[in-house]
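These notes are about the structure you will find just below.
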Amino acid sequence: MTYPHIHKLVLVGLLMMGVFGGEVVAQTTSLPQRHVVKIQDFAFQPPQITVAPGDTVVWVNKDFVPHFVSLANGRWQSDVLEEDKTWELLVDETGSFHYVCIFHPEMAGEVTAHGHSALSLNQP
Amino acid sequence: MKNLLKSFTYVALAGTIFFGGMVTTGCAADNMMKQDKPAFNDLEIAHIAYTAGALDIRYAHLALALSKNPEVLKFAQLMIRDHTAINNKALALVKKLNITPQDNAMSQQLVKGGEDILKEFSQLRGNAFAKRYAANELGYHKLVVKTIDETFLPIAQNENLKALLRGANKTFKVHQGHAETMNSNAEKL
Ligand SMILES: [Cu+2]
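As given, the protein sequences belong to chains E and U, one line each in that order. First residue of the first sequence: 48, per our numbering; consecutive thereafter. First residue of the second sequence: 28, per our numbering; consecutive thereafter.
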């Protein structure tokens, strides 16, 4: 499962690590953050999060049964998440993204991304 | 209507299975107060819960083999996935506690009743199967949810078993919700 944003992730990662030079990294105003969404009792907690592009969202399944996170249009999709398994998504664009659990479609959540993308900030 | 009646028959049958043992001794809560010995011990509860889960998995496999109804197929896949996860968790707990679940009259009646239902399912095709499967799943989950909440949880002793039953029942309540939707759609077929 290779998505275009994966390649960008690697690029962003390299930029963050200063592979392309210290000056470039110095221009980054805020470090990317990790946001955790717990899947518990058949709900995403919190159901809505706001992130900046370049941040990572981590879903962790605390239920007994598997869940399967997917963006409504299918562009992001986790693996089958069994109990205590996590799945990470590096957000590489702005917008409001509704997602559901494919196995239990009544479970829904939203990721809202706004602000400058780490990628564009780092571009020389 | 015929299907509906059949599902009530199943519920009545299963009701006898689940609660029959207690008719003579009173309800579980009374039991706790009047007698030292509850209707089921932990090892029996574990056995019944596992047996019920395994039965729903068997219904689901048959549904995958016989039905073409997308909602039935999706529901059956969910049952296999979720009940397998929970039964595996139960097996892990059994191993951790080094215990052996105890076969008992209720487990045996569940298996027997389940086999009758499987036999009946195997004769049905198309909408008749979908209706019957949906009604049975609704009846089954209603009963399981109620039995865990009202009979097993009040008398279970081991904290690990109680936690497993509580967690599992959250899942079964979600399944009941899905089954309600599937059943009301199947009734329109
Ligand atoms: Cu789910």
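We treat Cβ as the ideally placed atom computed from N, Cα and C, and that holds for glycine. Given the structure is predicted, the values throughout are model-derived calculations rather than measurements.
In the three-state DSSP reduction, V127 of chain E falls in the coil class, being neither helix nor strand.
With its beta carbon less than 8 Å from one in chain U, H151 of chain E belongs to the interface. Spatial neighbours of T78 of chain U in its own chain (CB-CB distance under 6 Å, excluding positions within 5 residues in sequence) are listed in chain order as S134 and L137.
Going by DSSP, F91 of chain E is part of the beta strand (DSSP E) stretching over A90 to Q92. Assignment of A66 of chain U by DSSP, reduced to helix, strand and coil, places it in the coil class. Here the C-alpha atom of L120 of chain U lies approximately 42 Å from the C-alpha atom of L78 of chain E. Those residues of the region 188-201 of chain U placed with their C-beta closer than 9 Å to a C-beta in chain E are L191, G194, A195, K197, T198, K200 and V201, ordered along the chain. Within chain E, the residues placing a beta-carbon under 7 Å from that of K116 of chain U are F111, ordered along the chain.
For M106 of chain U, the distance from the CB to the nearest heavy atom of ligand 1 is not below 7 Å.
In the structure shown, I86 of chain E falls within a strand segment according to DSSP collapsed to helix, strand and coil. Distances between the C-beta of H202 of chain U and the heavy atoms of ligand 1 are all 7 Å or more. For a Cβ distance threshold of 9 Å, residue set V112, P113, V127 and F150 of chain E lies close to R108 of chain U, ordered along the chain. The beta carbons of F111 of chain E and I149 of chain E sit no closer together than 8 Å.
Distance from the CA of M106 of chain U to the CA of A160 of chain E, rounded to the nearest whole angstrom, comes to 35 Å.
For the region 80-104 of chain E, the set of positions with a beta-carbon nearer than 8 Å to some beta-carbon of chain U reads D88 and F89 in chain order. Secondary structure note for E214 of chain U: its alpha helix (DSSP H) is the uninterrupted segment E186 to E214. With 16 or more other CB atoms across the displayed protein chains lying within 10 angstroms of its CB, A162 of chain U is buried. Sequence-distant partners of H151 of chain E (beyond 5 residues in either direction) whose C-beta falls short of 8 Å from its own C-beta, in its chain, are F89 and H114.
Inter-residue distance for V83 of chain E and L91 of chain U is about 36 Å (C-alpha atoms, whole angstroms).
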